[in-house]
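**Q** Start counting at 1 in the sequence shown, then tack on 3, and there's your number in my numbering. Just so it is clear, CB atoms sit at the ideal spot from N, CA and C, and this is done for glycine as well. I am attaching a structure below and will ask some questions about it afterwards.
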Amino acid sequence: MTSPSATAPTPKGTGTLVDNGAARHSRILGVGAYRPARVVMNSEIVDKIDSSDEWIRERSGIISRHFAAYDESVIDMAEAASRQALEHAGISPEQIGFVLVATVTHPYQTPAAAPELASRLGSTAPALDISAACAGYCYGVAMASDMVKGGSADYVLVVGVEKLSDFTDPYDRGSAFIFGDGAGACVIGPSDTPGIGPTVWGSDGTQRDAITQKQAWTDVRESWQSAQADKNVWPAIGMAGQTVFRWAVWGMAPVAQQAIDKAGIKADDLDAFIPHQANIRIIDAMVKQLKLPADIPVARDIVTTANTSAASIPIATTRMLAEKEIPSGGLALQIGFGAGLVYAAQVVVLP
4 MTSPSATAPT PKGTGTLVDN GAARHSRILG VGAYRPARVV MNSEIVDKID
54 SSDEWIRERS GIISRHFAAY DESVIDMAEA ASRQALEHAG ISPEQIGFVL
104 VATVTHPYQT PAAAPELASR LGSTAPALDI SAACAGYCYG VAMASDMVKG
154 GSADYVLVVG VEKLSDFTDP YDRGSAFIFG DGAGACVIGP SDTPGIGPTV
204 WGSDGTQRDA ITQKQAWTDV RESWQSAQAD KNVWPAIGMA GQTVFRWAVW
254 GMAPVAQQAI DKAGIKADDL DAFIPHQANI RIIDAMVKQL KLPADIPVAR
304 DIVTTANTSA ASIPIATTRM LAEKEIPSGG LALQIGFGAG LVYAAQVVVL
354 P
C-alpha cells in the first residue's frame, strides 16, 4: 500500500465527462469509511469448511476480513462512515436533503435503517433503504445524482453498509470465506461542471437463485436455531459461485465499457478503476477485458476487507484517496454487481 505521507498523484486531465444539459450538475463532495476493529484471518474460517488458507487465497484473493462486534449494528457502522463523509464534504447534518442507505443486512424488515441513521446524525431529511445488494451503492449514487440535478435535494448522503457476518453460514464451503463487514459513504451535491457520468444499470431476475437468502423470513424464526440444533435453519445468504463468477466476468466488462462510453471519455482518461470487491479473479479479468492501461490504479481491497457487498466501493475509494493512491479531481470508473442479479456502473469525478 502507498504510504499516507506520499504525495498525491495529479489527475491526467485528458477527459471531461459529457454535458447532458441538466439544469445543474452533481458530484461527489466527500467520502468516508468504517472497518470494524476485529480482523478475522482465513485460519479462523477454514476448519468449519474443511479448507485451507491457500485454497481461499487462490479462489478469491482474500487473506483477512473485518467482523463487527456482536453489539455493533449496521446503523452504528453507517453512522461512523457518514460522519467522516460529511466532514470531508464540509457539510453539516442540517444541510442533508435526503439519506439513502444501501444494505441487505439490516435485521429489521421495517423500519428501515436510513431514518434512524438520519436521526442519529441530527437530520430529519427523508430517508429510505435500497435493497440492491452489491450494486446498492452505485444505485444510490445514480439516484442521489438525479435528485441533485433535478433540484429535489441539494445534498444527498449515500451509504453502503453491511454486517454480513450475521447472515453468513460458517459451514458453507462456497460462501463462508467470502464475506466481511463494514460501511462506506459519500455526500453528493451540486457542481458547476459534470461530476457523475450517466449510469448504466439493469437486472436479470431470472437468475435470482444465484445469490439468495436460503429461506424466507416467514419460514423461520431465530429461536428455532438453538431449539432444533440445525445449522441450516437460520436464513443465511448462499451463493452459486461458478454461476456468479461467469456472469460477472463475461457480463460486467461490457457494462463497464458502456459507462465509459456514455461518460464521453476513453479508458486511457481514467485515473482509477474501483469495482465491487467480489473476487480478485473477477477484478483481474475485468481489467484485462477493458484493456485498462497499466498505470491506472485498481482497487483490490478484497485482499484485506473481503466482500462487503454495498460497502465495498466506498470503502475502497476512501482508502485509495487517503493513501494518495488516486488523485482528487481524477476520473474513476466504479461498478457494482450482485444478488438480483443487479448491476450499475458510472464514471465519477473523485472528491
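How big is the Cα-Cα spacing for residue 69 and residue 264?
**A** Answer to the nearest angstrom: the Cα atoms are 36 Å apart.
**Q** In chain order, what are the residue ranges of uninterrupted alpha helix (DSSP H) at least 4 long that sit wholly in the region 243-324?
**A** Qualifying alpha helix (DSSP H) stretches, in chain order: 244-265, 283-293, 305-308.
**Q** Take residue 94 and list the residues in its own chain whose beta-carbon comes closer than 6 Å to its own, dropping the five residues that flank it on each side.
**A** These residues qualify, in order along the chain: 158, 190.
**Q** Tell me whether the region 157-173 and the region 196-214 touch, counting them as touching only if at least three CB pairs, one residue from each stretch, are closer than 8 Å.
**A** The answer is no - the region 196-214 does not touch the region 157-173, with fewer than three Cβ pairs under 8 Å.
**Q** Whole angstroms is fine: what's the gap from residue 26's alpha carbon to residue 341's?
**A** Going from the Cα of residue 26 to the Cα of residue 341 covers about 33 Å.
**Q** Any heavy atom of the ligand MN inside 7 Å of the beta-carbon of residue 152?
**A** With respect to the ligand MN, the structure shown offers nothing to examine, as it has no ligands at all.
**Q** Would DSSP call residue 98 helix, strand or coil?
**A** Note: residue 98 maps to helix in three-state DSSP.
**Q** Once the 5 residues before and after residue 196 are set aside, which same chain residues still bring their CB inside 7 Å of it?
**A** Counting only Cβ-Cβ distances below 7 Å, and skipping sequence neighbours, we find 28.
**Q** Could you pull the start and end residues of the beta strand (DSSP E) that residue 189 belongs to?
**A** Start and end: 184-194.
**Q** Helix or strand or just coil, what does DSSP make of residue 346?
**A** If DSSP states are grouped into helix, strand and coil, residue 346 belongs with the strands.
**Q** Let me check understanding here. Comparing Cα to Cα, which of 44, 136, 353, 35 lies closest to residue 200?
**A** Answer by Cα proximity: 353.
**Q** Is residue 70 helix, strand or coil when you go by DSSP?
**A** Strand.
**Q** Could you check what DSSP says for residue 78 in three-state terms: helix, strand or coil?
**A** Of the three classes helix, strand and coil, the one that applies to residue 78 here is helix, per DSSP.
**Q** Should residue 253 be labelled buried (16 or more other beta-carbon atoms within 10 Å of its own) or exposed?
**A** Under this definition residue 253 is an exposed residue.
**Q** Can you tell me which residues form a DSSP beta bridge with residue 166?
**A** In DSSP, residue 166 forms a bridge with 184.
**Q** So residue 180 and residue 52 are supposed to be a Cβ contact under 8 Å. How far apart are they, rounded?
**A** With a Cβ gap of about 7 Å, residue 180 and residue 52 count as contacting.
**Q** Thinking residue 256 and residue 292 are a contact (beta carbons under 8 Å), I'd like their distance in whole angstroms, please.
**A** Going by Cβ atoms, the distance from residue 256 to residue 292 rounds to 4 Å, so yes, they are a contact pair.
**Q** At the level of alpha carbons, what is the spacing between residue 92 and residue 33?
**A** Approximately 4 Å, taken between the alpha carbons.
**Q** Between residue 258 and the rest of its own chain, which residues show a CB-CB distance below 7 Å, the 5 nearest in sequence each way excluded?
**A** Closer than 7 Å at Cβ, skipping near neighbours: 203, 338, 346, 348.
**Q** What's the call for residue 73, buried or exposed, on a 16-neighbour Cβ count within 10 Å?
**A** Exposed: under 16 other Cβ atoms inside 10 Å.
**Q** Which value, in whole angstroms, describes the spacing of the CA atoms of residue 319 and residue 303?
**A** Answer to the nearest angstrom: the Cα atoms are 8 Å apart.
**Q** Is residue 87 helix, strand or coil by DSSP?
**A** Note: residue 87 maps to helix in three-state DSSP.
**Q** Tell me, please, whether the region 95-112 touches the region 125-143 by the rule of three or more beta-carbon pairs shorter than 8 Å.
**A** Yes, they touch.
**Q** Rounded to whole angstroms, what's the CA-CA distance from residue 65 to residue 38? Just pull it up for me.
**A** Taking the straight line from one Cα to the other gives about 16 Å.
**Q** Whether or not the region 6-20 and the region 169-177 are in contact is what I'm after, with contact meaning three or more pairs of Cβ atoms, one per stretch, closer than 8 Å; do they touch?
**A** With a cut-off of 8 Å, the region 6-20 and the region 169-177 do not count as touching, because too few Cβ pairs lie within range.
**Q** What does DSSP give as the partner residues of residue 27 in its beta bridges?
**A** BP columns for residue 27 are empty, so no partner.
**Q** Within a Cβ cutoff of 7 Å, which residues of the same chain sit near residue 138, ignoring the five residues on either side of it in sequence?
**A** 339, 340, 341, 345, 346, 347.
**Q** By a C-beta neighbour count over all protein chains shown, 10 Å radius and 16 as the cutoff for buried, is residue 183 buried or exposed?
**A** The residue is buried, with at least 16 neighbouring Cβ atoms inside 10 Å.
**Q** Got a sec, what are the start and stop residues for the alpha helix (DSSP H) residue 21 sits in?
**A** Segment: none, residue 21 is in no alpha helix (DSSP H) and carries neither H nor E.
**Q** Throw me the rounded Cβ distance for the residue 273 and residue 334 pair, which I believe falls under 8 Å.
**A** Between residue 334 and residue 273 the Cβ distance is about 5 Å, and since that is below 8 Å, they are a contact.
**Q** With a threshold of 7 Å on Cβ separation, who are the neighbours of residue 288 within its own chain once the five nearest residues in sequence on each side are excluded?
**A** Answer for residue 288: 252, listed in chain order.
**Q** Please state whether DSSP places residue 212 in a helix, a strand or coil.
**A** In this structure, residue 212 counts as coil in the three-state DSSP scheme.
**Q** Since residue 38 is in the alpha helix (DSSP H), which residue starts that stretch and which ends it?
**A** Where residue 38 is concerned, there is no enclosing alpha helix (DSSP H), given that its DSSP letter is neither H nor E.
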